Ligand SMILES: C[S@@+](CC[C@H](N)C(=O)[O-])C[C@H]1O[C@@H](n2cnc3c(N)ncnc32)[C@H](O)[C@@H]1O
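Residue numbers (our numbering): 5 to 282.
See below:
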């Protein structure tokens, strides 16, 4: 078989696997970035010692536990407290003052992973006297990771890095004010979990999410192809109230999308945008 034919066969095999996942389990990865999905599927195939993608197809259809493992591979959950500290500094300076103009505001964290992003924002809101006046919605399509987010329990060995991030992000107190130690873990303090609603939401298949004043969706779009990124950016546009803020990850942007002209750029490097009042 020539190389071109082999590449084409592999592409078809991946497509069939993604189709099977969608038909059997309802998760739609068909418009995720193809290089990413292929890498993750190959990773799982190697770990399971399977000879080829067809063997994976069989296992996928007949073994739900295998699918659960694959789901974790496909939904990269890497995250941290105050990820990109300079981003949170700008949120404090640019987004929070806007939220403060409202008696009550709503913030959505889409693709919240294990919750660190939500608790980071909760800390910023607390320090700016806004925690009680903001309802936060934290969503992810991965139920397992969502359960971890609700628990807010993180390994103690990450605290040094989280503390440094917090300080660089302009933290006003001591990071240790926000957790209690529990053997090898730290547990996020209860007050940071108040006014946070964790729920399952799939950005590919689910709809608009209320009249939000700010939406954070960081390091999620990067895994989607252009078409899907465009769909999700439209979803965010519809979910934001006029003047509301959209915050993306450092490698993401709205330039190519058909809602680009409906947002103003507030901070280019931080990927903070604002829905224009039309
Ligand atoms: C790399 S993490 C980013 C976490 C956090 N936003 C941050 O920047 O640190 C990506 C998250 O997006 C979630 N995700 C991927 N596809 C999704 C989808 N279709 N709907 C909702 N969440 C999704 C994954 O489960 C994962 O938790």
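Glycine is no exception: its CB is placed at the ideal position from the N, C-alpha and C atoms. Since we're looking at a predicted model, the values are computed, not measured.
Please state if the CB of residue 62 and the CB of residue 220 are separated by a distance shorter than 8 Å.
Taking the chain shown and counting its residues from 1, one reaches residue 220 at position 216. Taking the chain shown and counting its residues from 1, one reaches residue 62 at position 58. Contact: no.
For residue 234, tell me which candidate among 152, 37, 19 has the shortest Cα-Cα distance.
As a first step, residue 234 is located in the chain shown; it is residue number 230 there, counting from the start. The shortest C-alpha separation from residue 234 is found at 37.
Quick check: does the Cβ of residue 116 come within less than 7 Å of any heavy atom belonging to ligand 1?
Position 112 of the chain shown, counting from 1, holds the residue named residue 116. Flag set: Cβ of residue 116 near ligand 1.
For residue 96 and residue 74, the rounded distance between their alpha carbons
On the chain shown, residue 74 is found 70 positions in, with the first residue counted as 1. On the chain shown, residue 96 is found 92 positions in, with the first residue counted as 1. So the two alpha carbons sit approximately 37 Å from each other.
Can you give me the C-alpha to C-alpha distance between residue 79 and residue 261, rounded to a whole angstrom?
What you label residue 79 is simply residue 75 of the chain shown in a count that begins at 1. What you label residue 261 is simply residue 257 of the chain shown in a count that begins at 1. Their backbone Cα atoms lie some 23 Å apart in a straight line.
For ligand 1, any of its heavy atoms closer than 7 Å to the Cβ of residue 145?
The sequence position of residue 145 within the chain shown is 141, counting from 1. Yes, the Cβ of residue 145 comes within 7 Å of a heavy atom of ligand 1.
Alpha carbon to alpha carbon, how far is residue 229 from residue 140? Give it in angstroms, no decimals.
Counting from one through the chain shown, the residue named residue 140 turns up at place 136. Counting from one through the chain shown, the residue named residue 229 turns up at place 225. If I take the Cα positions, the gap works out to 28 Å.
According to DSSP, which residues form a beta bridge with residue 189?
Counting from one through the chain shown, the residue named residue 189 turns up at place 185. BP columns for residue 189 point to 159, 186.
Using CA coordinates, which residue listed in 110, 147, 102, 54 is at the minimum distance from residue 81?
As a position in the chain shown, residue 81 is number 77, starting the count at 1. Here the closest residue by C-alpha is 147.
Three-state secondary structure assigned by DSSP to residue 113
Position 109 of the chain shown, counting from 1, holds the residue named residue 113. Residue 113 falls in the strand class under three-state DSSP.
I'd like to confirm something about residue 82: is its beta-carbon nearer than 7 Å to some heavy atom of ligand 1, or not?
Position 78 of the chain shown, counted from the start, is the residue given in the question as residue 82. Yes, the beta carbon of residue 82 sits closer than 7 Å to at least one heavy atom of ligand 1.
Spatial neighbours of residue 152 in its chain, beta-carbon cut-off 6 Å, leaving aside the 5 residues before and after
Here residue 152 is taken as the residue at index 148 of the chain shown, counted from 1. A distance below 6 Å between beta-carbons, with the five flanking residues on each side excluded, links residue 152 to the following residues of its chain, in chain order: 118.
Closer than 7 Å: residue 149 CB and nearest ligand 1 heavy atom
Stepping through the chain shown from its first residue, residue 149 is reached at position 145. Residue 149: yes, Cβ under 7 Å from ligand 1.
Cβ of residue 273 versus every heavy atom of ligand 1: is any distance shorter than 7 Å?
Here the question's residue 273 lines up with position 269 in the chain shown. Because no heavy atom of ligand 1 lies under 7 Å away, the Cβ of residue 273 does not count as near it: no.
Euclidean distance between Cα positions of residue 39 and residue 281
What you label residue 39 is simply residue 35 of the chain shown in a count that begins at 1. What you label residue 281 is simply residue 277 of the chain shown in a count that begins at 1. C-alpha separation (whole angstroms): 38 Å.
Near residue 267, what residues of its chain come up, given a Cβ to Cβ distance below 7 Å and the 5 sequence neighbours on each side ignored?
One-based indexing of the chain shown puts residue 267 at position 263. Closer than 7 Å at the Cβ level, and outside the excluded window around residue 267, lie 250, 258, 277, 278, 279, 280.
Leaving out the 5 sequence neighbours to the left and right, which residues in its chain are closer than 8 Å to residue 242 when beta-carbon positions are compared?
Locating residue 242 in the chain shown gives position 238, counting from the first residue. For residue 242, where only same-chain residues beyond five positions count, the Cβ hits under 8 Å are 212.
Taking buried to mean at least 16 other C-beta atoms within 10 Å of its own C-beta, is residue 11 buried or exposed?
Counting from one through the chain shown, the residue named residue 11 turns up at place 7. Burial call: exposed.
Taking 7 Å as the cut-off, does the CB of residue 207 come closer than this to any heavy atom belonging to ligand 1?
Position 203 of the chain shown holds residue 207. It does: the Cβ of residue 207 is within 7 Å (strictly closer) of some heavy atom of ligand 1.
Quick check: the Cα distance between residue 166 and residue 158, rounded to an integer number of angstroms?
Walking along the chain shown from the start, residue 166 turns up at place 162. Walking along the chain shown from the start, residue 158 turns up at place 154. Computed Cα separation, rounded: 10 Å.
Going by beta-carbon coordinates alone, are residue 35 and residue 232 separated by less than 8 Å?
As a first step, residue 35 is located in the chain shown; it is residue number 31 there, counting from the start. As a first step, residue 232 is located in the chain shown; it is residue number 228 there, counting from the start. In contact: residue 35 and residue 232 (Cβ atoms closer than 8 Å).
Any chance the CB of residue 141 is under 7 Å from a heavy atom of ligand 1?
Taking the first residue of the chain shown as 1, we reach residue 141 at position 137. No.
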